[in-house]
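Everything below concerns the one structure shown next.
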Amino acid sequence: MMVLSLVPRQGVSRVREIVTPLVAFVVALVIAALVLLAMGKSLKTAADVYVVEPLTTAWSLQEVILKATPLTLIAIGLIFAVRANRWNIGAEGQYVVGGMFGGWVAIAAHGMEGVWILPAMLIAGMAGGLVYGLIPAALRNRFGISEILSSLMLVYVAELALDYLVRGPWRDRTAFNFPKSVNFDAAATLGPLWEGGKLHGGVLLALLAVLGAVVLLGRSRFGFAVSATGEAPRAANFAGFNDHRLTLAVFAISGALAGLAGIIEVSANMGQLQPSISQGYGFTAIIVAFLGRLNPVGALVSALVLAILLIGSETAQIMLKLPFDMTRAFMGLLLLCILAGEALTRYKVRWNA
Amino acid sequence: MRSAPPLIRCQGLSKTFGTLKANDSVDLLVESGEIHALLGENGAGKSTFVKMLYGLLKPDAGTISWLGKAVTLADPDAARALGIGMVFQHFSLFDDLTVLENIAIGTAGARADQAFAARVSALAREYGLELDLQRPVWTLSAGERQRIEIARCLLQEPRLIVLDEPTSVLTPQEAENLFASLLRLQAKGAGILFISHKLEEVRRICTAATILRGGKVVARTDPRKESARSLAALMVGEGVADVRPPSTLETGRDLLAVRGLSVSPEIAHGIPLRGIDLTVRAGEVVAIAGVAGNGQSEFFAALTGEGGLIQSGTVSIDGEDVTRRPIGMRRRLGAAFVPEGRLGHATLPQRTLSENIMLSWHETEDVGGFFLSLDKLRQAARKIITRFDVRGPNADPRAAQLSGGNLQKYIVGREIERNPRLIVVDQPTWGVDARAASLIRQTLVDLAGQGAAVLVITQDLDEAFEMSDRIAVICAGRMHPPVPTRMTNREAIGLLMTTAHGEAA
């Protein structure tokens, strides 16, 4: 019987470590190109749509950065959780609750003026995501319930809660029965950083999150405890890092950042609460975190790459008649290639007869 | 007339890794009906050699002939087909499967059914291996796992059996059973290649020995005509120091006091501890002897605070009740701990030695504030590396890059460097070569000489006798109270190792 087996390599060279993700990226492109060819699409148009256009106009470059902002924020939080080997699959729900809590402040402050409104919204958004993130953590600590399932289930709870609120108690009475809240005042809107531009303060917050994560994960005691817990739980226990507190902490961080992403999107891009406020950012961010190899700067780069894909997909739906699901498939393909590449840097494949 | 060809003859076997000549033209010959010892320090090239014999590594040069015919061993299947069986020092077992299932997986054409269970039981009885066939492997200690490997190998009825340190986890009685079985196999005409650090047993049962140093054969000898010291000298190339006897300093106050401790295990098949009493005083070394899997891991976890559900009783460190206190609090009271598992328990395998300082230092030593001071960690690591002669591939290697002996020196050194008043060490020298083992033991004895309390949990009776002032024995989760070491002997302790305290023998 032929058996395919993975044999660990003796050592991994630096060159190989750097070249592999690039090769994986190229392989993913080639496969995607073959799929497009098989579907009878023009590769030239596809390249235009997915790569050239998003990167060549000031307008679309800003769009790319805006799309990358929530992805980066959420992915940074997820990096903390995954490094500690805690699986927060429910960032989407924490994002929604963040938008909900922050949006509530905007609705409550409707008609008021004041510089406090926007910060209060952001803080409320973070608090909402944080508390919502703590639920699966507490369930895991107290009852040993898998955080993977509970965090995922809570996504639907959050989505339906928001749906109820904007159709019921928070509905704008003047909006002819449309399920939406009042339009936020200017004081509750994250405006552009400069006149005529599109980038808002959320972009800076995302960069701040990246910086914070680099510092915290790289140099701090807490970062060490997080990684140690993920790498070898017995060793972390031997060190005396409190497993339960750590679970709460990483869920608090990822929940808060997802919540922040939620309220930033609601405030800056929508200006109101509506039944659906996400395009699956919470799930896409999982891909972002892994594409970035659980490294904060890597996550920033991969958030930009996926943002380009997402922007491209909007045009692709029109120009190439490609369904949005195709773009999702491309993202999965990219992740698969990167992960396979990573496995092949550390192992070689061998056929045993 | 030519005599029968030898079972296996290796000529000029060489293997190079990068710049390291792991094996340099090694010749070795095992006759049928011979128990042949392969001796050498860790890193001398024994494992490399044995892996080539078993088809796991391809020699760069040299030939292997089996019963006079040149053979190429492409993989372990080829080796097994010839009749070469192997018991590894590191286990290749599936944690989630039972003992029986693991044995069945390693045996061609076997299924873990009743008939197979009966066959394995019979074999285990014949060779004196105690095995609970239905237990999942992840609940077993190192010693119990080793027995599975031995049984798995013997089931194939090999003509050449390679045993890599088979007795390091057996009681004297169990070792005697194993030796009896080896002699039976020998009488049936099997050849045995026996790797051990226990030179006394090598002298007793082996009829020939090949000694490796730095990848080369440095001597061939009849171990029956050597002393343990002279064998050790051949391995090391210079004299091996005996561990100096423990100091006769008056022992001081109770630094560790365990009173009526009963603990139920957190995992299924763990060993419950029942009514354990033990005191370790300043200035003394107490050893806890016992066969693997009799509650040692559970007891260690209760002392560190790492796990187990305390039912009753107390653990006190320097007079302070710490029964329900976390490990960091215990360290602050002056305690230090060395677990049995070197990788993944005592260290993070993929982290550097300096980063690994953090694990046991962060509560009590200066390793920086909110941000870690890499400088301080590196300095601490460098000090330990120098003081305990830790050898690695570079100045600050990852833990997984060190050999077992060097990593153990580092782990023990990391705790000693904290100047603990109490140190608890689980299996201080398991799988560690003679020179490193003697250094580790000496260090611990010296620490007691300076007034610390030292508790050593060990399956190696020689070690227990060599180091300790008092010996206690753990069996089936109960503890035989410690007796002064010089007032007892191996046989008496060996007997206690198979009798639970408070039950009839």
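Chains as they are written, first to last, in this note's numbering: chain Z, 1 to 353; chain V, 1001 to 1505. Built from N, CA and C at the ideal position, the CB exists for glycine as well.
**Request:** May I ask you to report which of helix, strand or coil DSSP gives Tyr-1054 of chain V?
**Result:** coil
**Message:** With H, G and I counted as helix, E and B as strand and the rest as coil, what does DSSP make of His-1197 of chain V?
**Reply:** coil
**Request:** Closer than 7 Å by beta-carbon distance: list the chain Z residues that pair up with Phe-1371 of chain V, in chain order.
**Result:** Arg-219, Ser-220
**Request:** Using the Cα positions of Leu-336 of chain Z and Ala-58 of chain Z, report the straight-line distance between them to the nearest angstrom.
**Result:** 31 Å
**Prompt:** Residues of chain Z with a CB under 7 Å from the CB of Gly-1344 of chain V: which are they?
**Reply:** Ala-232, Arg-234, Ala-235
**Opening and closing residue of the beta strand (DSSP E) in which Ala-1287 of chain V lies** = 1285-1289
**Asked** Alpha carbon to alpha carbon, how far is Gln-1311 of chain V from His-1036 of chain V?
**Response** 50 Å
**Prompt:** Which partner residues does Tyr-347 of chain Z have in the DSSP bridge list?
**Reply:** Z:Pro-8
**Message:** For Met-1487 of chain V, count the other beta carbons within 10 Å of its own beta carbon; 16 or more makes it buried, fewer makes it exposed. Which is it?
**Reply:** exposed
**Assigned secondary structure, Lys-1383 of chain V (DSSP; H/G/I helix, E/B strand, else coil)** = helix
**Prompt:** Using 7 Å as the limit for Cβ to Cβ distance, is Glu-1306 of chain V near chain Z?
**Reply:** yes
**Item:** Short-range partners of chain Z found in the stretch 1319-1333 of chain V, where Cβ spacing is below 7 Å
**Value:** Pro-1326, Ile-1327, Gly-1328
**Among Z:Ile-286, Z:Ala-91, Z:Arg-14, Z:Thr-229, nearest to Thr-345 of chain Z - alpha-carbon criterion** = Z:Arg-14
**Asked** Tell me, which residues are paired with Asn-1023 of chain V by DSSP?
**Response** V:Lys-1015
**Request:** With Arg-234 of chain Z as the anchor, note down where its alpha helix (DSSP H) starts and where it stops.
**Result:** 233-239
**Prompt:** Pick from Z:Glu-17, Z:Val-23, Z:Ser-60, Z:Val-7: whose alpha carbon is nearest that of Ser-354 of chain Z?
**Reply:** Nothing about residue 354 of chain Z can be read from this structure; chain Z reaches only from 1 to 353.
**Message:** If you reduce the DSSP assignment to three classes, tell me which class Asp-243 of chain Z lands in.
**Reply:** helix
**Sheet register partners of Leu-22 of chain Z (DSSP bridge)** = Leu-22 of chain Z pairs with nothing; no bridge assigned.
**Beta-carbon contacts of Lys-348 of chain Z that lie in its chain and below 7 Å, excluding the five residues immediately before and after** = Val-7, Arg-9
**Asked** How would you call Glu-1144 of chain V, buried or exposed, if buried means at least 16 neighbouring beta carbons within 10 angstroms?
**Response** buried
**Message:** Does Phe-184 of chain Z pass the burial test, meaning 16 or more other C-beta atoms within 10 Å, or should it be called exposed?
**Reply:** buried
**Prompt:** Does DSSP classify Asp-1164 of chain V as helix, strand or coil?
**Reply:** strand
**Prompt:** Is Ala-285 of chain Z closer than 7 Å to Ala-47 of chain Z when the C-beta atoms are compared?
**Reply:** no
**Asked** Comparing alpha-carbon positions, which option in V:Glu-1031, V:Asp-1060, V:Asp-1469 lies nearest Trp-1066 of chain V?
**Response** V:Glu-1031
**Leu-1348 of chain V at chain Z interface by Cβ criterion, 7 Å** = yes
**Prompt:** Taking only beta-carbon atoms, is Ala-213 of chain Z less than 7 Å away from chain V?
**Reply:** no
**Message:** Classify Trp-1430 of chain V: buried if its beta carbon has 16 or more other beta carbons within 10 angstroms, exposed otherwise.
**Reply:** buried
**Prompt:** By Cβ distance, which residues of its chain are closer than 7 Å to Ser-1316 of chain V, with the 5 residues on each side in sequence left out?
**Reply:** Ala-1257, Val-1322
**Message:** In the DSSP output, what is Pro-1136 of chain V paired with across the bridge?
**Reply:** V:Thr-1098
**Prompt:** In chain Z, what lies closer than 7 Å to Ser-1468 of chain V by C-beta?
**Reply:** The premise fails here: Ser-1468 of chain V is roughly 25 Å from chain Z at the closest Cβ pair, so nothing lies under 7 Å.
**Prompt:** What number of angstroms, rounded off, separates the C-alpha of Gln-1408 of chain V from the C-alpha of Lys-1383 of chain V?
**Reply:** 15 Å
**Message:** Per DSSP, what are the beta-bridge partners of Thr-1063 of chain V in this structure?
**Reply:** V:Gln-1011
**Request:** Measure the C-alpha to C-alpha separation of Met-1086 of chain V and Leu-1193 of chain V and round it to an integer number of angstroms.
**Result:** 9 Å
**Prompt:** Of all the options V:Gly-1477, V:Met-1479, V:Arg-1441, which has the alpha carbon lying nearest to the alpha carbon of Phe-1465 of chain V?
**Reply:** V:Arg-1441
**Asked** From Gly-1239 of chain V to Ser-1230 of chain V, what does the alpha carbon distance come to, in whole angstroms?
**Response** Unreliable positioning characterises Gly-1239 of chain V in this predicted model, as indicated by a pLDDT of 48, which lies under 50. The coordinate reading is nonetheless provided below. For Gly-1239 of chain V and Ser-1230 of chain V, the distance between alpha carbons rounds to 9 Å.
**Message:** What residue range does the beta strand (DSSP E) around Gln-1401 of chain V cover?
**Reply:** No beta strand (DSSP E) contains Gln-1401 of chain V, which DSSP labels as neither H nor E.
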